[in-house]
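So the protein sequences, as listed, match chains X and Y. Under the numbering used here, the first residue of the first sequence is numbered 1062, with each subsequent residue one higher. Under the numbering used here, the first residue of the second sequence is numbered 188, with each subsequent residue one higher.
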Amino acid sequence: MIKSLTKTQEAKIPEYLAEGLKYGLSTERLEYTKVQKNMHWIYETFLKEYSPKPFVFLVDSPLQAGIAAIILNDFFNKNFLLGSQLRSQLSSQLDSELNSQLSSQLTSQLDSQLASQLASQLYSQLTLQLDPQLYSQLYSQLGLQLSSQLGSQLDSQLDSQLSPQLDSQLYSQLGLQLGLQLYSQLDSQLGLQLDSQLRSQLHSQLYSQLDSQLGLQLDSQLDLQLDSQLRSQLYSQLGYKVSFRYWWSGYYTFYSFINRELLPEIEVPLLEKMKEFCYDIPSGYFHTGFCVISQPPTEIHRKGMVLHNEKDMACKFADGWGLYSLNGIRLDGKYVTTPSCELSVEDVMKESNVDVRREVLRKIGLERFIKETQAKCLDKLEIKVNNKQCEYQLLEVDFGEGIIARVLKMDNPSIDAMHVEGVEDTCNTVKEALAWRNGFNEYVAPKQLT
Amino acid sequence: MTVYQQGDVVLIKIEKAPKGKLKPSKVIQEGEHTGHAHRITDGDANIFTLGDKMYVKAQRGGATITHEEHLPVTIEEGDYEVRIVRQKDPFTKLVSRVVD
């Protein structure tokens, strides 16, 4: 049982993290054949009993992938339904033929008629399901549909075109099976040979680090962006999503460190395969019979460990879809593309989300905010946050047109930012404002405040 | 009154939390723009909901609540009422829970 790392092994951790991030933040376009090969392997290996070998679609962005998953689900479900009806019809007719006491001539006549009827039915069904031409036709139609279904057209067109009937249980099974099988295999080969403390230390140093930068910063934010653009009802019908590159690469890095640095004598072919699909498949939707994978972004801009671009999208895809982000906060593009001199203090206070408000305030600058609103400081108080003394101020601000309000200005030392939040006009001191904010009659100093 | 606060989440120690519905996840509050969350990451503790109220029950040894933008808060064993701080919109004069 390995209980601790040597200094040399410990020094290797940053290299593994850097490698994980390099692939995780890669903007290189994916090759269809590679993606298809990997997806077929995944379905064959882990999902065989739940789904046949899938059609693999590769699209330009998570938005396209989401819409495609909904459209294709409808298409595939109906086809599978027709296919199964046809199969049962065919077998019952054949059975009755075979069991009948008809003469051989009649049988052969019926057989040929039946054969021709069934052949045409079968052909059309097979064409629908298997013909590669149709596959590419569908693909190009889908592309056209997708581009016309953005924005306001999305709801009405999807409403009439779609009746998705997804089996959520199946999707969770797909995900569960995939995760359970993979991790239990890797764990039994590698993880269990480690002392539990060391395991959790490595887990937090490798897996959690990558998760916070790739999973939380990229994948979660893209999901939130998608959710805000697809109606929530449709969003819930997207099916099971897997983000190999953004969430699973943390696990891959974790296990690969254990294998390469701690247990090099053990051969783990599964790990090599996992590397391929963690690095080559960013994210996609898994369905029975098909899957839709999105190409990675074409641009990713970061400041430190978070998404940040002061001029354009912080994460952009080939079709133009993406997200704007300042200091890791996803926000409306207008706050990024509008020069700060054209943003007003009203824009700050009208923004209901406190994180977004904080970033807009940061952009226009507190000095300007105070000057333009002719803010008067009514009270100030030093409060310990994260064991640091921070100044809180109660300001009375004049937004013009007779709108005078009281706002609490607070420092957030954890992220070196400032917040302003509106409070009740009856608050005259910082303590009264804090009490009102927390729903108390009088101020109670928290035992711990972070 | 014992109060713990992590950003916009306030935990007030109470005598006994009423019986509520067990929340399957350990997430107290999730940010709508960041994907960040206040979540119980350490210790034996569960979240319960009753109507629009939320409670945390921390067993022996207490529990730790973490968030990507704040230092962790360690609460002692006991029952807690969870409150999300409120704010007032200067223009509409409407009071709402703070959402991050």
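Glycine residues also receive a C-beta, built at the ideal position from the N, C-alpha and C atoms. Computed from a predicted structure; not experimentally measured.
{"Check": "Kindly indicate the opening and closing residues of the beta strand (DSSP E) around Y/PRO259.", "Outcome": "257-262"}
{"Check": "Check the C-beta distance from Y/ILE271 over to Y/LEU198 and give it rounded, since I have them as a contact under 8 Å.", "Outcome": "Not a contact, Cβ separation roughly 11 Å."}
{"Check": "Output the boundary residues of the beta strand (DSSP E) element that contains Y/ALA245.", "Outcome": "240-254"}
{"Check": "What three-state label does DSSP hand X/LEU1469 in the structure shown?", "Outcome": "strand"}
{"Check": "Judging by CA-CA distance, which residue of X/PRO1474, X/GLN1266, X/VAL1484 and X/THR1490 is the nearest neighbour of Y/GLN193?", "Outcome": "X/PRO1474"}
{"Check": "By Cβ distance, which residues of its chain are closer than 7 Å to Y/ALA232, with the 5 residues on each side in sequence left out?", "Outcome": "VAL243, LYS244, ALA245, GLN246 and ALA250"}
{"Check": "Please classify X/ASN1489: does DSSP put it in a helix, a strand, or coil?", "Outcome": "coil"}
{"Check": "Give a yes or no on whether the C-beta atoms belonging to X/ILE1464 and X/GLU1457 are separated by under 9 Å.", "Outcome": "no"}
{"Check": "Taking a contact to mean a Cβ-Cβ separation below 9 Å, would you say Y/VAL268 touches X/SER1273 in this structure?", "Outcome": "In the sequence on display, residue 268 of chain Y carries Glu and not Val. Their beta carbons are not under 9 Å apart, which means Y/GLU268 does not touch X/SER1273 by this criterion."}
{"Check": "Between X/LYS1449, X/LEU1066, X/LEU1495 and X/VAL1484, which has its C-alpha nearest X/ASP1256's C-alpha?", "Outcome": "X/LEU1066"}
{"Check": "Any beta carbon of chain A sitting closer than 9 Å to that of Y/PHE235?", "Outcome": "Structure shown: chain A not included; protein chains present are X and Y."}
{"Check": "Does the CB of X/LYS1411 have a neighbour CB from chain Y at under 9 Å?", "Outcome": "yes"}
{"Check": "Starting from X/ILE1443, follow its DSSP beta bridges and name the residues at the other end.", "Outcome": "Reading off the sequence shown, one finds Glu at residue 1443 of chain X, where the question assumed Ile. DSSP output for X/GLU1443 lists X/GLU1452 as bridge partner(s)."}
{"Check": "Let's see if you can read the secondary structure: which residues bound the alpha helix (DSSP H) around Y/LYS200?", "Outcome": "Careful: Y/LYS200 lies outside any alpha helix (DSSP H), inside the beta strand (DSSP E) at 196-201."}
{"Check": "Let me see if you follow: with CB-CB separation under 9 Å, is X/TRP1308 close to chain Y or not?", "Outcome": "no"}
{"Check": "Where does Y/HIS225 sit, in a helix, a strand or coil, going by DSSP?", "Outcome": "strand"}
{"Check": "Buried or exposed: which applies to X/GLN1509, given that a residue is buried once 16 or more other Cβ atoms fall within 10 Å of its Cβ?", "Outcome": "buried"}
{"Check": "Closer than 8 Å is the cut-off here; do at least three beta carbon pairs connect the segment 1340-1350 of chain X with the segment 1264-1271 of chain X?", "Outcome": "no"}
{"Check": "Quick one: what's Y/THR236 bridged to in DSSP?", "Outcome": "Y/LYS208 and Y/MET241"}
{"Check": "Give a yes or no on whether the minimum CB-CB distance between Y/VAL260 and chain X is below 9 Å.", "Outcome": "yes"}
{"Check": "Measuring CA to CA, which of Y/LYS280, Y/ASP195 and Y/ILE234 is closest to X/ARG1498?", "Outcome": "Y/ASP195"}
{"Check": "Ends of the beta strand (DSSP E) at Y/LYS275?", "Outcome": "273-275"}
{"Check": "For a contact meaning CB atoms closer than 7 Å, what does Y/MET188 contact in chain X?", "Outcome": "VAL1505"}
{"Check": "Strictly under 9 Å for the Cβ-Cβ distance: is Y/PRO211 near chain X by that measure?", "Outcome": "no"}
{"Check": "Against chain Y, with Cβ distances strictly below 9 Å, would X/GLU1485 count as a contact?", "Outcome": "yes"}
{"Check": "Since X/GLY1085 is in the alpha helix (DSSP H), which residue starts that stretch and which ends it?", "Outcome": "1068-1085"}
{"Check": "What are the boundary residues of the alpha helix (DSSP H) that X/VAL1417 is part of?", "Outcome": "1415-1425"}
{"Check": "CB-CB under 6 Å to X/LYS1073, same chain, minus the five flanking residues each way: which ones, in chain order?", "Outcome": "GLU1322"}
{"Check": "If you run the structure through DSSP and keep just helix, strand and coil, what is X/ALA1494?", "Outcome": "helix"}
{"Check": "Which chain Y residues are close to X/LEU1510, counting only those with a beta carbon under 7 Å from its beta carbon?", "Outcome": "GLN192"}
{"Check": "Compare the C-beta of X/TRP1102 against all C-beta atoms of chain Y and say whether one is closer than 9 Å.", "Outcome": "no"}
{"Check": "Would you say X/GLN1278 and X/MET1366 are within 9 Å of each other, going by their C-beta atoms?", "Outcome": "yes"}
{"Check": "Do we get a CB-CB distance below 9 Å when we pair X/SER1344 with the residues of chain Y?", "Outcome": "no"}
{"Check": "Taking C-beta to C-beta, are Y/LYS203 and Y/PHE235 nearer than 9 Å?", "Outcome": "no"}
{"Check": "Specify the secondary structure class of X/HIS1362 as computed by DSSP and reduced to three states.", "Outcome": "coil"}
{"Check": "Whose Cβ in chain X lies nearer than 7 Å to the Cβ of Y/ARG270?", "Outcome": "ASN1499 and GLY1500"}
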